[in-house]
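See structure below.
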Amino acid sequence: MIPLISIFLLFGLNSIVNGLVCMNDGHFANPDDKHSFFQCSFGTPYLMQCPPTLVWSQDKYTCDYDTFQPIISCDDNKVVNCRENSKWLSDGIAFVGQDIKFGSDSQHLGAPFGVFIDTEHGNNIYVADTDNHRVQKFLHGSLTSGGITVAGGNSRGNASNQLDRPSSIYVDKDENVYVADNENNRVQLWVKGATSGVTVAGGHGKGKALNQIGACQGIFVHEKTKTLYVSDFYNDRVVKWTEGSNEGIIVAGTGFSGSKADQLTAPRGIFVDQCETIYVTDPWNNRVQKWKKDATEGITVAGGNGKGSDLNQLNFPWDVQVDQYNNIYIMDTDNSRVVKWSSNQLSGEIILGGNGSGIQSNQFKQAHSLALDKQGNIFVTERLNHRVQMFQIDNQTITC
Ligand SMILES: *[C@@H]1O[C@H](CO)[C@@H](O)[C@H](O)[C@H]1NC(C)=O
Ligand SMILES: *[C@@H]1O[C@H](CO)[C@@H](O)[C@H](O)[C@H]1NC(C)=O
Ligand SMILES: *[C@@H]1O[C@H](CO)[C@@H](O)[C@H](O)[C@H]1NC(C)=O
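In mature numbering (1 follows the signal peptide of the UniProt record, and there is no 0), the protein residues as written are -19 to -1, 1 to 381.
Here you go:
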């Protein structure tokens, strides 16, 4: 949190400003401008300014990052895009797996897949440490202090305190951890602090029935509707499980591979927005598909122009994230790059990597997952480099 004292700028000295009469002393929101606030002192309001990238938060009583979701309605995608021209520093900072070696201690990982950032709780980072059959948590404030195991870590297996090649994670507002327990064909919920998990989807062996999961490398929880979305690549479908149900409902894909609008072929990473719109990578079709709530077919929002490295193409995209401004971030795995597509664009922009597969800090080697923290810094996991890198956003390029 930025200390208030450093951001105060004196703007005016009237007893009534914008209709606000200072009945009490203290700080109050400015109804006309979220980037400023009033300081009332002995009945006099002073207009104060937050730093340009921050907004006044009455709850937190300080200037803070803007968490307001500027979506007016689910039919209206027009939002001010504060990251339209944003840039990220090209060299990542590896805070785990710095020596690019497999390991099972707190400073190492084994072929990590998924990464999740808990923006509600200090941007803590969770990593699916796949070959160590555990989920590691890193505190954003002390990244290099190493990972803490919050799920699994009891060798490979199918007992309730074990995981078998976990691939994807979601952490809810109470810090409960959902884990795609890939080789066990189930999704496990590890309640915060628990020493074992409970099965909330699948757990009936590998198969195509609606109570089964074939293989999964992407999950997402829509917290408002208490719904778990499972991207089942083995079954070419996305299935949603509402809380307490014994089977899922297919919400994207037909269950049979193909490249038509209603099909998906081995979908991987998944993101679900507030409007229950599903974004899903369709790697074999080199595209990212968007399925609106209750849609019977998807719309291509990135790629779909064959396999390749041109700006309108993708090459085996694994993961997708969407920010609050509707920018789509794609882990374009076989191009060793991260690309950003703004909505309704015909091509993307390379924002990270694009320098071939390798071990340098501006390169990736089989990167499978990405996540954004609250400020817009990007985190990328690499299976073959056994590391997670943080790429800082250039603050000057955030335009509101
Ligand atoms: C769990 O693992 C044990 C030991 O490997 C195996 O015998 C059993 O069949 C497994 N159960 C399931 C449901 O896969
Ligand atoms: C890495 O790739 C980017 C995007 O293609 C390019 O702008 C940059 O110059 C490359 N950097 C190096 C060191 O090759
Ligand atoms: C951007 O701003 C944040 C918050 O003030 C700061 O922690 C971070 O270091 C800045 N990033 C860069 C690249 O300067």
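We put the beta carbon where it would ideally sit given N, CA and C, even for glycine.
Taking all protein chains shown into account, do 16 or more other C-beta atoms lie within 10 angstroms of the C-beta of N5, making it buried, or fewer, making it exposed? N5 counts as exposed, since fewer than 16 other beta carbons sit within 10 angstroms of its beta carbon.
Could you say which of E228, G195, F201, K321 lies nearest to D213 if we only look at CA atoms? With distances taken between Cα atoms, D213 lies closest to G195.
In whole angstroms, what is the alpha-carbon distance linking Y159 and P12? Rounded to the nearest angstrom, the two C-alpha atoms are 39 Å apart.
S240 and N266: beta carbons closer than 7 Å? Contact flag set, yes.
My output table needs one value for F(-12): the three-state DSSP class, helix, strand or coil. With a pLDDT of 39 at F(-12), under the threshold of 50, the modelled position of this residue cannot be trusted; read the value that follows with caution. Looking at F(-12) - three-state DSSP - the assignment turns out to be coil, as it is neither helix nor strand.
Within a Cβ cutoff of 8 Å, which residues of the same chain sit near N(-6), ignoring the five residues on either side of it in sequence? Note that N(-6) scores a pLDDT of 41, beneath 50, so its modelled location is shaky; the value from the coordinates is reported in the next line. Contacts found: T25, P26.
Determine the DSSP secondary structure at N142, reduced to helix, strand or coil. Three-state DSSP puts N142 in coil, outside helix and strand.
Since residue 383 contacts D354 with CB under 8 Å, what's their CB separation in whole angstroms? In the structure displayed, the chain extends from -19 to 381; residue 383 sits before or after that span and is not available.
Limits of the beta strand (DSSP E) - the one that Q8 falls within: Checking the sequence shown, residue 8 turns out to be His, not Gln. That run of the beta strand (DSSP E) goes 7 to 10.
G78 and S342 closer than 7 Å at C-beta: Contact: no.
Should Q373 be counted as a contact of ligand 3 given a C-beta to heavy atom distance under 6 Å? At least one heavy atom of ligand 3 is nearer than 6 Å to the Cβ of Q373, so yes.
Grab the span of the beta strand (DSSP E) containing S38 for me, first residue to last. Run containing S38: 36 to 38, per the beta strand (DSSP E) assignment.
Which same chain residues, not among the five before or five after residue 447, have their C-beta less than 6 Å away from its C-beta? One cannot answer for residue 447 here, as it falls past the ends of the chain, which runs -19 to 381.
Could you check if D254 is buried or exposed, using at least 16 other CB atoms within 10 Å of its CB as the buried criterion? By the 10 Å Cβ count, D254 comes out buried.
Near M371, which residues of its chain fall below 7 Å by C-beta distance, leaving aside the five closest residues on each side in sequence? The answer, listed in chain order, is G73, I74, F76, N358, F360.
Residues proximal to ligand 2 by C-beta, any heavy atom closer than 5 Å: Those residues having their beta-carbon less than 5 Å away from any non-hydrogen atom of ligand 2 are, in chain order, I331, G335, N336.
Cβ contact check for the region 160 to 176 and the region 137 to 149: 3 or more pairs under 8 Å: Because the criterion of three Cβ pairs below 8 Å is met, the region 160 to 176 and the region 137 to 149 touch.
Below 8 Å CB to CB, which residues in the same chain sit around S38 once its five sequence neighbours on both sides are set aside? Setting aside the 5 residues that flank it on each side, S38 is surrounded in the same chain by C44, D45, each with a C-beta closer than 8 Å to its C-beta; the list follows chain order.
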